[in-house]
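Below is one structure, written out as structure tokens; the observations come after it.
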Amino acid sequence: MSTTNNELRVGMVGYAFMGAAHSQAWRTVNRVYDLPARARMALVCGRDPGKVADAADRLGWEEHTTDWRELVNRPDIDVVDICTPGDSHAEIALAALAAGKHVLCEKPLANTVAEAREMAAAAATAQAGGARSMCGFNYRRVPAVALMRQLIADGRLGEIRHVRAVYLQDWIVDPQFPLVWRLRKEVSGSGALGDIGAHIIDLTQYVTGQRISGVSAVTETFVKERPLPAESSGLAAQADGAGAATGQVTVDDAAIFVARLDGGALATYEATRFATGRKNALRVEINGSLGSVAFDLERLNELEFLDATRPAAEQGFNRILVTEAEHPYLSAWWPPGHIIGYEHSFTHQMRDFIEAVATGVDPSPSFAEALQVQLVLDAVTRSADLGSSWTEVEPSLATAAA
Ligand SMILES: NC(=O)c1ccc[n+]([C@@H]2O[C@H](COP(=O)([O-])OP(=O)(O)OC[C@H]3O[C@@H](n4cnc5c(N)ncnc54)[C@H](O)[C@@H]3O)[C@@H](O)[C@H]2O)c1
1 MSTTNNELRV GMVGYAFMGA AHSQAWRTVN RVYDLPARAR MALVCGRDPG
51 KVADAADRLG WEEHTTDWRE LVNRPDIDVV DICTPGDSHA EIALAALAAG
101 KHVLCEKPLA NTVAEAREMA AAAATAQAGG ARSMCGFNYR RVPAVALMRQ
151 LIADGRLGEI RHVRAVYLQD WIVDPQFPLV WRLRKEVSGS GALGDIGAHI
201 IDLTQYVTGQ RISGVSAVTE TFVKERPLPA ESSGLAAQAD GAGAATGQVT
251 VDDAAIFVAR LDGGALATYE ATRFATGRKN ALRVEINGSL GSVAFDLERL
301 NELEFLDATR PAAEQGFNRI LVTEAEHPYL SAWWPPGHII GYEHSFTHQM
351 RDFIEAVATG VDPSPSFAEA LQVQLVLDAV TRSADLGSSW TEVEPSLATA
401 AA
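In full-length UniProt numbering, the protein residues as written are 1 to 402.
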């Protein structure tokens, strides 16, 4: 698929939380970065005619439809951007790839390994015809995370021994919080594990260049039954009021696992929606033979770096303010010290995607890389089901992260 007049006409499916974040990025990306193609926000899809019309107007889309098949099959659409829950990722992505479209699909890639395998295979076939695909692990595009990867790739941490990663939220501590789609396995695939655990799996593998080879896991569902929702979108929802009917929570509320990485590191991971007081605390610390780095998403302009090759008397964690023009992604933004935020990770994601598509290279993370994350999620679930027994991650054909 080639770009039309250096224009990529984007069709986006789903317009709520991620739809809004992606819209913001599509609106911004060509105004900030000088790119070989220009994204045009051509068409947005949602199921409710009134709401999708309103969303198109509010978010800046030229046209709207209630039928994702129409969007996928329209000859004037170049890119299909999937921002729906996991139960529709495979169906939409497979149809888009079959129609020769470039595809950007939100994470986790799918709800099952079988779906993810089919999607990775379809992406490989479509790639032969020039269609590119990518999964939306946007935290790779936080400049401090990209800097962490550079430091590790440059050998500044030496041999990596420890990876410590947590992703902590608290939005369902209240047992009266309703049974939104994220708490129903048939829609979401899994709970905290696939929703936020997938992010720290991808991020740590990306920055270390190592793959998780085996895991031992525990998962728990603390609140097993919840009121049915009146209406929900994103992470916000309301129950139907007192006496509302209830339903079963069919996913994990929390997942904790230890892991081995194939480069020799030991790792611990914790993903939970029950960390009372923690809102979106994605934190990673990595210790190597020559140094350490630490990152906290809630302070995303900063990276802590300890250089153990310095004289002992001068050592200590340095707080690098990651806002210099020579830091990844930042030359196009503001003067040093003028910080950026959460939404910029999506603008950076679109920047990398557009550049890859327009120059005919494969963006990363590819569907094959996202399949490998899915295999880790699957190993965690199987281990937890087997009383935490050690479980190898099935090998995938994914190449090392680009
Ligand atoms: N990258 C990130 O940091 C991040 C953050 C949140 C969510 N996500 C992922 O993004 C995806 C969407 O999550 P969200 O939080 O935006 O959910 P959401 O509930 O806020 O929005 C989902 C949207 O999909 C639409 N939708 C659902 N089924 C549809 C269908 N069959 N046809 C057309 N539209 C349909 C809904 O109407 C809604 O607009 C999920 O895969 C989730 O895991 C990623």
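Backbone N, C-alpha and C define an ideal beta-carbon position, used for all residues, glycine too. Note that the coordinates shown come from a computational prediction; the quantities given were computed from them, not determined experimentally.
Quick one: residues in its chain with C-beta nearer than 7 Å to the C-beta of residue 349, no 5 flanking neighbours on either side, listed in chain order? Cβ neighbours of residue 349 within its own chain (closer than 7 Å, five residues either side excluded): 25, 136, 138 and 141.
Can you tell me the Cα-Cα spacing of residue 405 and residue 300, whole angstroms? Only positions 1 to 402 of the chain appear in this structure, which leaves residue 405 out of reach.
In angstroms, rounded to a whole number, what distance separates the CA positions of residue 333 and residue 356? Those two C-alpha atoms are separated by around 21 Å.
N-terminal and C-terminal residue of the alpha helix (DSSP H) that residue 367 is part of: Residue 367 -> alpha helix (DSSP H) spans 367-385.
Does any heavy atom of ligand 3 sit closer than 7 Å to the C-beta of residue 107? For ligand 3, the structure offers nothing, since it holds only ligand 1.
Residue 195 Cβ short of 7 Å to ligand 1 heavy atom set: Of the heavy atoms belonging to ligand 1, at least one sits nearer than 7 Å to the Cβ of residue 195.
So, using beta-carbon positions, are residue 145 and residue 317 closer together than 8 Å? Against a cut-off of 8 Å, the Cβ pair of residue 317 and residue 145 comes out as no contact.
Is there at least one non-hydrogen atom of ligand 1 closer than 7 Å to the beta-carbon of residue 17? Yes - ligand 1 has a heavy atom lying nearer than 7 Å to the Cβ of residue 17.
Going by DSSP, what residues sit across from residue 216 in a beta bridge? Its beta-bridge partners are 258.
Contact defined as beta carbons within less than 8 Å: I believe residue 168 pairs with residue 380. What is the distance between those atoms, to the nearest angstrom? 17 Å between Cβ atoms; not a contact.
Rounded to the nearest angstrom, how far is the Cβ of residue 261 from that of residue 163, given a contact under 8 Å? Their Cβ separation, rounded to whole angstroms, is 7 Å, which keeps residue 261 and residue 163 in contact under 8 Å.
Same chain, Cβ closer than 7 Å to residue 132, neighbours up to 5 away in sequence not counted: Once the five neighbours on either side are set aside, the close Cβ partners of residue 132 are 102, 356, 357, 362 and 363.
Could you check if residue 386 is buried or exposed, using at least 16 other CB atoms within 10 Å of its CB as the buried criterion? By the 10 Å Cβ count, residue 386 comes out exposed.
Give the single residue among 150, 158, 143 and 270 whose Cα lies nearest to the Cα of residue 201. Measuring from the Cα of residue 201, the nearest candidate turns out to be 270.
Residues in the same chain with beta-carbon distance under 7 Å from residue 18, minus the five sequence neighbours each way, listed in chain order, please. Result list for residue 18: 83 and 106, in chain order.
Would the beta-carbon of residue 383 fall within 8 Å of that of residue 222? At the C-beta level, residue 383 and residue 222 stay beyond 8 Å of one another.
Do you know whose CA, among 224, 266, 273 and 275, lies nearest residue 250's CA? Here the closest residue by C-alpha is 224.
Would you kindly work out how many angstroms separate the C-alpha atoms of residue 66 and residue 51, rounded to a whole number? The straight-line gap from Cα to Cα measures roughly 10 Å.
If you measure between the beta carbons of residue 305 and residue 320, is that distance less than 8 Å? The Cβ-Cβ distance between residue 305 and residue 320 falls below 8 Å.
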